[in-house]
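Novice: Numbering (the working numbering) for the sequence shown: 500 to 633.
Here it is: the structure, laid out below.
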Amino acid sequence: MQYAPVVVALPIADRPTSYRFYSDGLGLEAVGEPAEDGVPEPLQFTLNDGLRVMLVPTGGFGWVIGGHEVARRGQSECVVSLPAATPAEVDELVGRARAAGADVVVEPGPQPWGYTGTFADPDGHLWTVLADAH
């Protein structure tokens, strides 16, 4: 059985802020027609043909997770990893994220597993950009 696209849902505080960060800052393509506030509803971005990220206001996120609690800002249960072809691409994407308001939590640099940098989006979700070591 195959599931495509896979959709990763992340809770957010503010739709317009997240929309600008992901579209203008990271250059991702939003899916869907704009709602009354000018932001697509549901707010989804295509990462590749098989994966989307859906950004859900924290209040609505509770409809999906039931009695579980949304993690507080600064607590992460997952890290989304984006591939890069070269260390320069890692630097460029982390730089774009920083310019769009991200908090860079690990500056780009070499690690035993490759060249990587990690940033937190406006809601504190962690994204790492990785160019594999060859």
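Note that the Cβ used here is the ideal one computed from N, Cα and C, for glycine as well.
Pick helix, strand or coil for R595, following the three-state DSSP scheme.
Specialist: Along the sequence shown, read from residue 1 onward, the residue named residue 595 stands at position 96. The three-state reading of DSSP puts R595 in helix, counting H, G and I together.
Novice: Are the segment 537-546 and the segment 504-524 in contact at 8 Å, needing three or more beta carbon pairs?
Specialist: yes
Novice: Can you tell me whether Y502 is helix, strand or coil according to DSSP?
Specialist: For this step, residue 502 is matched to residue 3 along the sequence shown. Here Y502 sits in coil by DSSP.
Novice: Please report the distance separating the alpha-carbon of G608 from that of V506.
Specialist: Taking the sequence shown and counting its residues from 1, one reaches residue 608 at position 109. Taking the sequence shown and counting its residues from 1, one reaches residue 506 at position 7. Approximately 29 Å between the Cα atoms of the pair.
Novice: Please go through the same chain and pick out, in chain order, the residues whose beta-carbon is closer than 7 Å to the beta-carbon of G549, but skip the five residues on each side of it.
Specialist: Residue numbering aside, residue 549 sits at position 50 when the sequence shown is read from its first letter. Answer for G549: A503, P504, V505, listed in chain order.
Novice: Assuming H624 and S580 form a contact by the criterion Cβ under 8 Å, report the distance between their Cβ atoms to the nearest whole angstrom.
Specialist: Against the sequence shown, residue 624 aligns to sequence position 125. Against the sequence shown, residue 580 aligns to sequence position 81. Not quite, the Cβ-Cβ distance comes to about 12 Å (not below 8 Å), so this is no contact.
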